[in-house]
Amino acid sequence: MSNYYDVIVIGGGHAGIEAASAAARIGCSTCLITMTISAIGRLSCNPAIGGMAKGQIVREIDALGGEMGRLADLSGIHFKMLGKSKGPAMWSPRSQNDKDLYPFFAQKRLQEIANLILIEGIVDDVGLQNGAVSSVLLQNGRRIECKSVVICSGTFLSSRLHIGEQSKIGGRIDEPSAESLSETLRQYGIATGRLKTGTPPRIRKDSIDWNSCTPDVGDANPSPFSRETEAVTNQIQCYLTTTTKDTHQILESGFDRSPMFTGRITGAGPRYCPSIEDKVYRFSDKNGHQIFLEPEGLSTDSVYVNGFSTSLPEGIQEDALHTIPGLEKSQILRYGYAVEYDYFPSYQLQHSLESKAVKGLFFAGQVNGTSGYEEAAAQGLIAGMNAALGIQGKPPIVLDRSQAYIGVLIDDLVSLTINEPYRMFTSRAEYRLLLRQDNADIRLTHIGYEAGLVDRETDNAVQALTESIETAQYLLKNYRIKEQGSNDQAVSLWQLLKRPESSVQTILHHLSTDSLLSRLLTNERLIEQIEIAARYDGYIQRQLQEVERLKAIEESQLPSTINYNSIVGLSSEGREKLTRVSPRSLGQASRISGVSRSDIAILSMYVR
1125 MSNYYDVIVI GGGHAGIEAA SAAARIGCST CLITMTISAI GRLSCNPAIG GMAKGQIVRE
1185 IDALGGEMGR LADLSGIHFK MLGKSKGPAM WSPRSQNDKD LYPFFAQKRL QEIANLILIE
1245 GIVDDVGLQN GAVSSVLLQN GRRIECKSVV ICSGTFLSSR LHIGEQSKIG GRIDEPSAES
1305 LSETLRQYGI ATGRLKTGTP PRIRKDSIDW NSCTPDVGDA NPSPFSRETE AVTNQIQCYL
1365 TTTTKDTHQI LESGFDRSPM FTGRITGAGP RYCPSIEDKV YRFSDKNGHQ IFLEPEGLST
1425 DSVYVNGFST SLPEGIQEDA LHTIPGLEKS QILRYGYAVE YDYFPSYQLQ HSLESKAVKG
1485 LFFAGQVNGT SGYEEAAAQG LIAGMNAALG IQGKPPIVLD RSQAYIGVLI DDLVSLTINE
1545 PYRMFTSRAE YRLLLRQDNA DIRLTHIGYE AGLVDRETDN AVQALTESIE TAQYLLKNYR
1605 IKEQGSNDQA VSLWQLLKRP ESSVQTILHH LSTDSLLSRL LTNERLIEQI EIAARYDGYI
1665 QRQLQEVERL KAIEESQLPS TINYNSIVGL SSEGREKLTR VSPRSLGQAS RISGVSRSDI
1725 AILSMYVR
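Right under this line is the structure:
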């Protein structure tokens, strides 16, 4: 077995899968080091992919040539497009997945990739030479040399499990912790912090009174995540129920033994996905909180109690569940627990996800302070791509905020102060009408092709679709008809399509069946894009103008050598934040929390 690889990826979660796959397929010899190969791709929390804003990220990963979309389609058992009652910017695909099939397909996929080797082990040390990564040292004493390292360790760095008043070492139930790597990196000047995440109990399927719960129906004609998947089907039914006042009283009786409230957990938890005890504490006036009952697979009787994440004592968990309609006789298969772990505040990273302190060292996933499989996978993909491209002497892939949710995610991470787990929302994207789930391939496929992750045939097909859309829009805008009762005033078919009651089908009778426009308007994907573009034309044009203004400010580059302490007039907080983040542009500087508008005005004058 070799003792040298171009790229070493540490961790086999969603970030590690994408990083290792990308680096290897771009052409670098790659090694993925994980504690247990059989745990690669394990869905630690809910076995589900996508959701609001997260579904857009999965589509973007797929467009760039990543793995998550295909794995979700292969293992999906319940598919639903969320946000359909709102505009297309809010539509977000989601799947419930088989907890055993997802890791099975993930491991199978990695084992098929040329240039990629999987090794079981725990990394204790990262070796440097002249300020750049040169090797890693495993716990068993083996040293492997390399040019780049991507750290995707998830919740396993100096991690502690908590249930009630009990705690033990571990990054996941019945799995160990990596105890040395954080200390090694601290010695290199890399700051660390503590965060917390949690998971709810799992209950036995046959112990649930399903008749007392409300069905949560999947889509009749579900859409797959990946462009390579022809079709997916719904194979299970999910359900809804709600906590009661009795539930809340029982939960409150255990607050004095909660590791969250007694101070044994010092790390901040995810504000937007709080534990049930946190929800009850913060929203004491609310009579009930929604609970989703989601089967974890086709061959298991385990049901995930979504919305009931907790680290309260086991007895409290059991008694509280028994007060929820449908769960009065539920049997717990595994109790909920919390994990506290080390992370590396992401202001220490460049937009490529490479460390500012150590050349060739990349970070991706929960170690950057994020929450969620999808955010982790997106970072892993970008970090793996850039680790490989850097070795090949090519420029990094950096997506801006107008190109992708992934661009928003990474820009937020390197610009904002992350002191609680970061989760993506549609509201974080200023240009979300441009960054829809339905046009991810149009936006990003060519970038994936140029990086080496998308084949020429796929890229050509997407380019052809894009050109057809542009041609159809041009023809629609220039094809004019006279409407009855309009004083013989001619309107374009494009103007007709803008009307709420109109669609492509309602204007086809104006066209001859053998015209170029008629032939173009037989493609379902093209029709979808045309109707959205017409209906939201004014808003889209306004966002495109804002993007142009964004580009102007982003092009105001800031040298990394600026001494912010020497600039007269900057606020004390502004100096501190600008020095710590070292923004690459005036645009990024304007997004740093604590940097005021007057600071930006002074900085702009200084740059000029």
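Counting in the numbering used here, the final residue of the sequence shown is number 1732, and the numbers go up one at a time with none missing.
Virtual Cβ for every residue (Gly too), placed ideally from N, Cα, C.
Proximal residues to residue i (C-beta, below 7 Å), its chain only, five neighbours per side dropped
i	result
GLU1607	VAL1615
ARG1649	LEU1589
For residue j and residue i, the rounded distance between their alpha carbons
i	j	result
GLU1655	GLY1189	27 Å
LEU1710	VAL1429	45 Å
THR1569	LEU1167	27 Å
MET1159	SER1336	42 Å
CYS1155	ASN1239	8 Å
SER1720	ASP1535	18 Å
TYR1663	GLN1263	56 Å
GLY1207	ARG1218	11 Å
ASP1380	LYS1369	19 Å
LEU1702	PRO1683	12 Å
ILE1132	GLU1142	13 Å
GLN1490	HIS1634	54 Å
ILE1241	ALA1163	15 Å
LEU1727	ILE1691	8 Å
LEU1422	SER1331	17 Å
LYS1210	ILE1724	36 Å
GLU1191	ILE1185	7 Å
LEU1674	SER1714	11 Å
THR1494	ALA1500	7 Å
ASP1222	ASP1197	10 Å
SER1435	ILE1246	27 Å
GLU1594	GLN1231	41 Å
GLY1576	SER1304	35 Å
ARG1659	LYS1601	13 Å
GLN1669	ILE1677	13 Å
ARG1752	SER1216	A question about residue 1752 goes unanswered here, because the residues of the chain that appear run from 1125 up to 1732.
For residue i, the first and last residue of its enclosing beta strand (DSSP E)
i	result
ASN1584	ASN1584 -> not in any beta strand (DSSP E); alpha helix (DSSP H) instead, spanning 1580-1602.
ILE1132	1128-1134
ASN1510	First-last for ASN1510: 1497-1515, but that is the alpha helix (DSSP H), not the beta strand (DSSP E).
GLN1414	1414-1419
THR1323	1317-1323
ILE1201	1200-1206
ARG1284	1284-1287
VAL1404	Taken as a continuous stretch (DSSP letters only), VAL1404 belongs to no beta strand (DSSP E), being part of the alpha helix (DSSP H) at 1400-1406.
VAL1615	1614-1616
LYS1178	Note, LYS1178: premise wrong, no beta strand (DSSP E); alpha helix (DSSP H) at 1178-1188.
LEU1156	1154-1158
8 Å CB neighbourhood of residue i in its chain, flanking five on each side removed
i	result
THR1308	ASP1248, ASP1249, VAL1250
THR1366	GLY1412, HIS1413, GLN1414, ILE1415, ILE1448, PRO1449
TYR1128	SER1153, ILE1268, GLU1269, CYS1270
ALA1315	PHE1468, PRO1469, GLN1472
ARG1310	THR1316
Own chain, CB closer than 6 Å to residue i, minus 5 neighbours either side, in chain order
i	result
ARG1267	SER1259, LEU1261
LEU1451	LEU1445
ALA1071	Outside the displayed range of the chain (1125 to 1732) lies residue 1071, so it cannot be described from this structure.
LEU1558	GLN1667
LEU1820	Absent from the structure is residue 1820, since the part of the chain shown begins at 1125 and ends at 1732.
Residue range of the alpha helix (DSSP H) that includes residue i
i	result
ILE1530	1529-1539
ARG1556	Careful: ARG1556 lies outside any alpha helix (DSSP H) and carries neither H nor E.
SER1306	1305-1311
GLN1231	1225-1236
SER1145	1138-1150
SER1714	1710-1714
SER1347	Here SER1347 belongs to no alpha helix (DSSP H), and DSSP marks it neither H nor E.
SER1728	1721-1731
Near the ligand HEM: residue i beta-carbon under 7 Å from a heavy atom
i	result
ALA1172	What this structure holds is no ligand at all, so the ligand HEM is not there to describe.
Residue i at chain D interface by Cβ criterion, 8 Å
i	result
SER1282	Of the chains in the structure shown, none is chain D; there is only one protein chain.
_With three or more C-beta pairs closer than 8 Å as the rule, is the region 1189-1203 touching the region 1356-1365?_
Result yes; three or more Cβ-Cβ pairs closer than 8 Å.
*Any chance the region 1686-1697 sits against the region 1632-1646, with 3 or more Cβ pairs inside 8 Å?*
With the cut-off at 8 Å, the region 1686-1697 and the region 1632-1646 do not touch.
*Runs of beta strand (DSSP E) wholly within the region 1436-1464 (minimum 3 residues, chain order)*: DSSP runs (the beta strand (DSSP E)) wholly in the region 1436-1464: 1456-1458.
_Please give the ranges of any beta strand (DSSP E) in the region 1632-1705, keeping only runs that are unbroken, at least 3 residues long and fully inside the region._
You should have found no qualifying run.
_Contained beta strand (DSSP E) runs [length at least 3] in the region 1242-1280, N- to C-terminal order_ = Fully enclosed beta strand (DSSP E) runs of 3 or longer: 1247-1253, 1256-1262, 1267-1275.
*Enumerated in chain order, which unbroken segments of the beta strand (DSSP E) with a length of 3 residues or greater are wholly contained in the region 1356-1384?*
With a minimum length of 3 residues, the continuous beta strand (DSSP E) runs that stay inside the region 1356-1384 are 1362-1366.
_Meets three-Cβ-pair contact criterion under 8 Å: the region 1575-1587 and the region 1627-1641_ = Taking 8 Å as the limit for Cβ pairs, the verdict is that the region 1627-1641 does not touch the region 1575-1587.
*Are the region 1325-1341 and the region 1543-1561 touching, with three or more C-beta to C-beta distances below 8 Å?*
The count of Cβ pairs closer than 8 Å, one atom from the region 1325-1341 and one from the region 1543-1561, stays below three, leaving the stretches out of contact.
_Touching by the beta-carbon criterion (3+ pairs, under 8 Å), the region 1314-1327 and the region 1456-1473_ = Counting C-beta pairs with one atom in each stretch, the region 1314-1327 and the region 1456-1473 have three or more that are closer than 8 Å, which means they touch.
*Do the region 1513-1521 and the region 1542-1549 meet, that is, are 3 or more Cβ pairs less than 8 Å apart?*
As far as the Cβ criterion goes, the region 1513-1521 does not touch the region 1542-1549, which means the pair count is below three.
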